[in-house]
Structures are given as structure tokens and as C-alpha cells.
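Novice: Numbering (my numbering), first residue to last: 6 to 388.
The beta carbon of each residue, even a glycine, is placed where N, CA and C say it ideally should be.
Sharing a structure, written as C-alpha cells. Questions coming.
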Ligand SMILES: [Zn+2]
Ligand SMILES: [Zn+2]
């Protein structure tokens with residue numbers, strides 16, 4: 006696969022990270038060194054806040070976070086409105102939702118009381134088979150492995166990638182294959198558990214880490230229940246979230262960034278499949294990068310298809326080929342005559358599907374939404 010670099014957007018994400026970090030928020034920890042299948046066990050899963058209360062809109066950007074209009078045009082518009090379409094639960098693929106979708110009164114992060122959907126997603130994609138993840142030999146082709154992305158690029162996980170790790174990351178300690186050219190891959194549930202945790206067992210350094218459905222508890226997908234507003238309500242300011250970012254229409258959660266620094270520090274690769282997802286022992290299969298899987302059919306000029314809903318109820322569409330010229334707001338969203346406001350996912354290389362949310366999320370969504378988006382097996386509250 007060929008992916009275009011988008012340095013502008015990467016730079017912006019960095020700025021956002023610096024800003025939120027400077028505000029003393031714990032949010033950026035999720036993206037850098039805290040939560041993860043491989044990072045620290047001190048995750049913040051018990052906190053209810055699903056949005057970042059410290060985010061300061063005044064320092065975020067020079068565009069109005071509440072609209073996709075340029076600031077000078079936005080002045081003439083009521084700030085609290087943006088064209089929205091209600092969440093359409095009929096868009097979920099057959100089998101993606103477990104049980105009935107119910108409605109309930111809910112209080113949003115900005116204080117609004119509204120109606121929400123309670124949706125339980127199945128936890129394994131219904132539109133494709135997961136994997137492959139790791140190649141088995143350094144001669145394997147790209148077909149025999151998935152992908153890896155690290156914030157700088159997207160790489161085919163073929164044999165040559167494994168063989169070239171020391172050069173790519175400029176560190177001679179990388180040696181993820183034996184003298185016969187066999188790639189060292191997690192081969193049992195026990196190895197998976199020992200590798201997908203903050204203190205990677207030394208015996209599993211220099212392993213390509215992959216999980217399997219059959220290694221999850223009871224060999225079952227991990228379902229996740231989310232509560233999202235039926236009608237999205239704009240927040241006063243956009244905000245990052247420490248929980249899951251959304252759910253795909255084929256039944257999996259969109260997780261926070263994979264903790265690439267921690268993963269690489271342990272000389273591991275937490276392989277993704279070609280759809281940008283992978284397993285961890287706690288959350289099961291989850292998405293880290295949007296590469297065009299599980300899309301609805303769509304033929305709107307200049308648009309990409311929807312594949313998910315964000316936690317604030319706005320639709321998430323696949324990345325735009327030319328996002329730089331699309332006048333997207335800082336969360337990657339814009340308004341469209343027919344579609345209303347919607348996000349475009351970041352390119353997979355950014356290792357963050359949605360940069361921030363413009364809408365209010367359910368105030369106590371953390372437990373409902375799976376408070377540990379990408380967490381290591383530390384506590385046992387989920388299992
Ligand atoms: Zn669009
Ligand atoms: Zn993950």
C-alpha cells in the first residue's frame with residue numbers, strides 16, 4: 006500500500022498534544038506512555054470523564070472549533086448549531102450489534118439532557134476475517150502479514166520489514182527472527198499475555214506480537230456497550246477523549262492511539278491486520294487505523310464513505326485523499342449539505358483515528374464505553 010504523508014496534520018496533532026499536556030491533562034498520557042496493551046498498568050479507567058475538561062479552546066487553534074466554517078464566516082452563524090443528522094442505527098451491518106438498541110435519557114458532558122442510544126457492539130468485525138498480523142518468515146510477502154504504523158508511516162508487515170527493523174529504528178538490538186529466517190511471533194495465549202503488557206517479559210522482547218480470537222477469555226469476542234446521543238450536540242469547545250473514540254458500523258471499537266513508544270521500547274511490534282486493527286487480551290479486537298474497511302456504499306462526489314460513529318454521535322468517514330485542501334476543522338470534520346457535519350478519519354500512519362471530538366459525549370460514558378480503550382491486563386474489572 007502507498008500512503009501519502011501529511012506533515013501538516015501530523016504537526017497539528019503534535020501541537021495539540023503539547024497544548025493538552027501543558028494544561029496538566031492526563032489525556033495525552035494515553036497517547037504517549039500510559040495506556041496500552043504494552044504500556045503502563047496505571048491506566049485511568051476508573052475516571053468517568055470521557056472528555057478532557059482541561060482543554061482550552063482559546064489556545065487550540067485559530068479556527069472556530071464549533072464549526073467547520075472559516076472564522077470570519079462563522080461569526081454570522083449561531084455558534085451552537087451545525088447541520089446534523091441523527092444517528093441511524095440501521096446503518097450497522099447485520100450482526101455488528103448484540104441485542105436490541107435501546108434509548109434512554111442521558112446527560113452529556115456539557116450538561117445537556119437528551120436522548121441517547123445504548124448500543125452493544127459485537128467486538129469482532131462482521132465484514133471481514135481478522136488477520137493476518139505477523140509474517141512468519143523474513144521471505145514472506147505483504148499478503149502474509151498485516152501492517153504496522155508508528156506515527157510516521159504505514160508499513161507492510163512483510164518479511165523484509167522484519168529483517169529491516171534494526172535499520173528502520175536505527176538500533177542494533179532489533180533481531181526479530183532466528184538463524185533460519187523464522188519470525189519470532191507470540192505463539193500461545195500465555196505468550197500473548199506476557200507480551201501485551203507494560204512489563205514485556207524479557208523472553209518476548211524481539212517478538213512480533215499478535216493475538217487471536219481463540220486466546221480471548223472463553224474464546225469469545227469482547228462486546229462493548231456505548232451510549233451515544235441520538236442527535237449530536239456541539240460542545241463549547243472541541244476536546245480530546247481518553248476513552249474509546251467511537252464504534253465502527255461492523256461492530257468494533259475505535260481505540261485510542263496504540264502506545265507506539267512503549268511497544269518499540271520493548272523491541273516488539275504490535276501487529277495490525279490490513280484493516281488497521283488487532284487484539285489485546287482485555288479489549289479483544291479494536292481499531293487503530295482507518296484504511297477503508299467496513300465502509301458503507303457511497304457515491305457522493307468528493308466524499309468518502311462512512312464506516313463508524315464517533316462517541317459524540319457524529320458519523321466518521323474514511324480519510325480523504327487530499328485532506329489538506331478539504332478545509333477540515335481541527336478534529337478532521339466538516340459540514341456537508343447532504344451529510345451534515347461528519348469527521349474524516351486521519352490517515353492510518355497517524356496512529357489516531359479521530360484527533361478530537363466537537364460534540365458532547367455522555368458524561369459517564371467511560372464505564373459504558375469501555376473505559377480501557379487499549380489497556381493492558383492490569384486490573385481485572387473486565388474479566
Ligand atoms: Zn466529508
Ligand atoms: Zn491496540
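Using the C-alpha atoms, what's the distance from residue 154 back to residue 300?
Specialist: 21 Å
Novice: Where residue 130 and residue 257 are concerned, what is the direct C-alpha to C-alpha distance, given to the nearest angstrom?
Specialist: 6 Å
Novice: Check residue 207 in the structure and name its three-state DSSP category.
Specialist: helix
Novice: Between the Cα of residue 188 and those of 141, 351 and 326, spot the shortest distance and give me the residue it belongs to.
Specialist: 141
Novice: Could you tell me which residues DSSP pairs with residue 290 in its beta bridges?
Specialist: 284
Novice: Does the beta-carbon of residue 263, which I'm using as the reference point, lie nearer than 7 Å to any heavy atom of ligand 2?
Specialist: yes
Novice: Buried or exposed, going by whether 16 or more other CB atoms sit within 10 Å of the CB of residue 86?
Specialist: exposed
Novice: So which of 223, 320, 119 and 162 has the shortest CA-CA distance to residue 368?
Specialist: Cα-wise, what sits closest to residue 368 is 119.
Novice: Using a threshold of 8 Å, state whether the C-beta atoms of residue 344 and residue 308 are closer than that.
Specialist: Cβ distance < 8 Å, so residue 344 and residue 308 count as in contact.
Novice: Does residue 114 pass the burial test, meaning 16 or more other C-beta atoms within 10 Å, or should it be called exposed?
Specialist: buried
Novice: Rounded to the nearest angstrom, how far is the Cβ of residue 363 from that of residue 240, given a contact under 8 Å?
Specialist: 6 Å
Novice: Take residue 177 and list the residues in its own chain whose beta-carbon comes closer than 8 Å to its own, dropping the five residues that flank it on each side.
Specialist: Spatial neighbours of residue 177 in its own chain (CB-CB distance under 8 Å, excluding positions within 5 residues in sequence) are listed in chain order as 171.
Novice: Just how far apart, CA to CA, sit residue 329 and residue 223?
Specialist: 45 Å
Novice: Using the Cα positions of residue 143 and residue 230, report the straight-line distance between them to the nearest angstrom.
Specialist: 40 Å
Novice: Can you tell me whether residue 444 is buried or exposed? The criterion is at least 16 other CB atoms within 10 Å of its CB, across all chains shown.
Specialist: Nothing in the structure corresponds to residue 444, since the chain is present only between 6 and 388.
Novice: If we count the other Cβ atoms within 10 Å of its Cβ and call it buried at 16 or more, is residue 104 buried or exposed?
Specialist: exposed
Novice: Could you give the distance in angstroms between the alpha-carbon of residue 348 and the alpha-carbon of residue 194?
Specialist: 36 Å
Novice: With a CB to CB cut of under 6 Å and the five nearest residues on each side skipped, what residues in its chain are close to residue 288?
Specialist: Result list for residue 288: 227, in chain order.
Novice: Whose C-alpha, out of 221, 190, 202 and 218, is nearest the C-alpha of residue 211?
Specialist: 190
Novice: Per DSSP, what are the beta-bridge partners of residue 311 in this structure?
Specialist: 322
Novice: Which two residues bound the contiguous beta strand (DSSP E) that contains residue 362?
Specialist: DSSP places residue 362 inside the beta strand (DSSP E), whose first and last residues are 362–364.
Novice: I need the DSSP call for residue 179, collapsed to helix, strand or coil.
Specialist: In the structure shown, residue 179 sits in coil (DSSP, three-state: anything other than H, G, I, E or B).
Novice: Just to confirm, is the Cβ distance from residue 278 to residue 151 under 8 Å?
Specialist: yes
Novice: What span of residues does the alpha helix (DSSP H) with residue 224 cover, start to end?
Specialist: Residue 224 -> no alpha helix (DSSP H), and no H or E assigned at all.
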